[in-house]
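The sequence shown begins at 1 in full-length UniProt numbering and counts up by one.
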Amino acid sequence: MNAMSTVWPEILTWLPLTIALAIGWAGHRILALPFLAMTACLGWWFGFLSPISILLFSVCLGIAAWLPRLPKGFVPLKHILLILLCFIFGLEMISGVERMPIAIDVQTGPASVPFSYSIGLEKPFAFFVLLFALPELLLTPTRADKRFVAAGLLLLGGLFALAVLTQTVRWEPSIPEWLPVFIVGNLLLTCLPEEAFFRGYLQRELAARLGIWTAIVVTSALFGLAHLSGGIVLVVFATVAGLAYGLAYQLGGGLRSAVFFHFGFNIVHLTLFTYPAAAG
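Structure representation (structure tokens):
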């Protein structure tokens, strides 16, 4: 089977979405809306979105835009709704939304386990829910400190070393033919929404109540548990990676730093080691 499934012209659905994500990430929420509308139209045309799912997302976006106007006494309701919406979108629980396969049952190299890669729409939609609900989402929490940036990088380097020592992964450089799609998809469709939720939302809120260090540890543990479907080893690795992303966010430059830490780790993993894990 060809490593790349047929993606043209259906992949056009994700073109305006990636533009919307980039514009939203730059802080221009309203300018992103026409591109979200284009995504909805193309998603319906190519069969990735049902009319009901489009309506549901529109309603959720409207609710998100209304949440900042809630009186202070209703703040707990705001957080309950936000977590619920992000949970639903993040776990792709909406009926009538389909993923598009990019690579089916492929190996990045002979020592890697086979896996499939696809792109979706629901997790990126969660980013826009957060963006409209939290005016502070893109703000940098503290001034960047190079020492903590270095500490985060050392954590990620140590994580790769541990993974190699335990033979979870092996050295296996590769450039898969679907790498360009993975680069865009992983940066904007995966890392940006995940970091917006775990660091831009949860960690920021916890830091305001529990302090920076407790917030980083708790959020990292939650990030690790979010990978439970991959097994305990993945939970441990994701928790350690989450500590690095948390440092990058809180003390290294905010959401942008956390996203690029996360994205950089994934790209290094894909191109230099067995991906997603070593076979046998």
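Think of the CB as a built atom: it goes at the ideal place given N, C-alpha and C, for glycine as much as any other residue.
None of these values were measured; they are calculated from a predicted model.
Would you call the CB atoms of residue i and residue j closer than 8 Å?
i: L81; j: L67; result: yes
i: T190; j: L206; result: no
i: F127; j: G24; result: yes
i: I119; j: M100; result: yes
i: L42; j: L12; result: yes
i: G109; j: E177; result: no
i: V181; j: I102; result: yes
i: V236; j: G224; result: yes
i: S58; j: S95; result: no
i: A65; j: F132; result: yes
i: F265; j: L156; result: yes
i: L255; j: L138; result: yes
i: A241; j: L187; result: no
i: A111; j: A279; result: yes
i: V184; j: T18; result: yes
i: R170; j: F273; result: yes
i: L202; j: L222; result: yes
i: F148; j: L36; result: no
Out of the options, point me to the one whose CA is closest to residue i's CA.
i: L56; options: P76, F125, L77; result: F125
i: V113; options: T18, Q167, V268; result: Q167
i: C86; options: I63, I119, L70; result: I63
i: P276; options: V184, Y249, A238, F261; result: A238
i: R143; options: V259, T214, F260, Y249; result: Y249
i: P9; options: W45, G211, L61; result: W45
i: C60; options: E122, W14, L15; result: E122
i: E98; options: P51, R204, F35; result: P51
i: L179; options: L228, L36, V217, V268; result: V268
i: R69; options: L270, A226, A208, L134; result: L134
Classify residue i as buried or exposed, calling it buried when 16 or more other Cβ atoms lie within 10 Å of its own Cβ.
i: T6; result: exposed
i: S257; result: buried
i: A163; result: buried
i: F74; result: exposed
i: A150; result: exposed
i: G200; result: buried
i: G152; result: buried
i: A32; result: buried
i: I216; result: buried
i: L165; result: exposed
i: L270; result: buried
i: W213; result: exposed
i: P16; result: buried
i: P141; result: buried
Can you round the beta-carbon distance between residue i and residue j to whole angstroms, since I take them to be within the 8 Å contact cut?
i: F115; j: V106; result: 7 Å
With three or more C-beta pairs closer than 8 Å as the rule, is the region 243-262 touching the region 189-200? Yes, the region 189-200 touches the region 243-262.
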